[in-house]
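Sequential numbering of the sequence shown, starting at 1, is according to the UniProt record's numbering.
Right, one structure below, let's go through it.
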Amino acid sequence: MEPALYIVATPIGNLGDISRRALEVLSGVTCVAAEDTRRTGQLLSSEGIKARMVAYHEHSAPAVAEQLVARVAAGESVALVSDAGTPTISDPGYRLVRVMQDAGLKVVPIPGPCAAIVALSAAGLPSDRFAFEGFLPNKGEARRRRLELLAGEDATLIFYEAPHRILATLEDMQEVMGPGREAALARELSKSFETIRRAPLSKLCDWVREDANQSRGEIVLLLSPARSESDVSIEPALGELLRGMAEHMPARQAAKLLSSYSGVRSRQLYDYLLEHRQE
1 MEPALYIVAT PIGNLGDISR RALEVLSGVT CVAAEDTRRT GQLLSSEGIK ARMVAYHEHS
61 APAVAEQLVA RVAAGESVAL VSDAGTPTIS DPGYRLVRVM QDAGLKVVPI PGPCAAIVAL
121 SAAGLPSDRF AFEGFLPNKG EARRRRLELL AGEDATLIFY EAPHRILATL EDMQEVMGPG
181 REAALARELS KSFETIRRAP LSKLCDWVRE DANQSRGEIV LLLSPARSES DVSIEPALGE
241 LLRGMAEHMP ARQAAKLLSS YSGVRSRQLY DYLLEHRQE
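Here's what the structure looks like:
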């Protein structure tokens with residue numbers, strides 16, 4: 001094969017999703033740089049491929065990348081694979097791409113599955129503009145701060161999330177972005193228990209809270225684009241209910257309570273109340 005670093009996408013679940021070109025490359029390269037050699041070894045074995053493997057992951061020393069660069073510079077070919085999906089997407093493989101490029105060596109992408117794009121294709125959310133945000137911070141306070149920065153984005157947002165944090169993340173999203181913000185949860189994509197569900201955040205929270213199975217496996221979480229407040233109309237009946245509530249409690253409390261019921265952001269309800277309270 002031509003001396004180069006080949007970025008090879010592998011299945012995210014169903015082994016039948018591997019491409020013919022990916023198999024040809026994995027069969028022909030001098031060595032395979034794998035995030036987890038045991039997991040990649042199982043994939044190669046299932047396809048009858050015998051290949052020399054080198055571990056390359058987040059904790060690899062810079063010397064490993066230098067050795068791989070030296071191989072390609074000497075005329076060899078190297079395939080880079082992650083545990084699943086497209087390498088360099090939310091993993092450290094991009095560092096190896098950079099050192100190869102900086103050394104003037106060729107980098108060849110071999111297209112294939114990517115969980116973020118697979119989820120977007122089936123989520124039923126706008127896909128003309130989207131942003132991949134990877135993993136949110138582990139801790140609640142930091143996660144909420146990050147979500148506050150993203151709340152106004154007018155593109156569909158795509159996140160990866162660990163199963164043990166999915167409920168806490170959904171609850172934080174509901175708190176920051178409002179219970180009516182539409183979202184989609186895509187779990188175990190291409191696998192036996194594949195699940196894709198689109199619903200307001202409040203309903204997704206209830207669903208995950210009530211069904212422990214939804215907190216298992218590989219998860220992609222998608223959020224619909226933010227709507228400007230001018231895009232959300234407050235129906236006369238809702239406005240009348242809001243004014244009635246505000247006669248018995250502080251305006252901000254009334255807006256917050258009605259937001260949970262209606263899905264309209266509490267700030268918009270509060271502003272509406274200030275404008276129409278005397279009617």
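All C-beta atoms, glycine included, are put in the ideal place defined by N, C-alpha and C.
- Residue burial is scored here from C-beta neighbours: Q101 has fewer than 16 other C-beta atoms within 10 angstroms and is therefore classed as exposed.
- When DSSP assignments are scanned along the region 105-141, the uninterrupted stretches of beta strand (DSSP E) that are 3 or more residues long and fall wholly within it turn out to be 107-110 and 130-135.
- Apart from the 5 residues on each side of it in sequence, T195 sits with its Cβ closer than 6 Å to the Cβ of R187 in its chain, given in chain order.
- Runs of the alpha helix (DSSP H) spanning 4 or more residues and lying entirely within the region 162-235 occur at 166-177 and 201-210, in chain order.
- Annotation for P109: I7 place their beta carbon closer than 7 Å to its own, counting only its chain and skipping 5 residues before and after.
- Where L5 is concerned, there is no enclosing alpha helix (DSSP H), although the beta strand (DSSP E) around it starts and stops at A4 to V8.
- Taking C-beta atoms as the reference points, A9 and G112 count as a pair closer than 8 Å.
- Going by beta carbons, L242 and Y261 fall outside the 8 Å limit.
- Taking the Cα of R39 as reference, the smallest distance to any Cα among V29, Y56 and P92 is reached at Y56.
- With a cutoff of 8 Å on beta-carbon distance, G13 and S266 are scored as not near each other.
- Annotation for M53: the continuous beta strand (DSSP E) segment containing it runs R52 to A55.
- The DSSP assignment places 20-28, 37-46 and 62-73 as complete runs of the alpha helix (DSSP H) inside the region 12-86, in order along the chain (cut-off: 4 residues).
- In terms of Cβ geometry, V32 and S77 do not form a close pair [threshold 8 Å].
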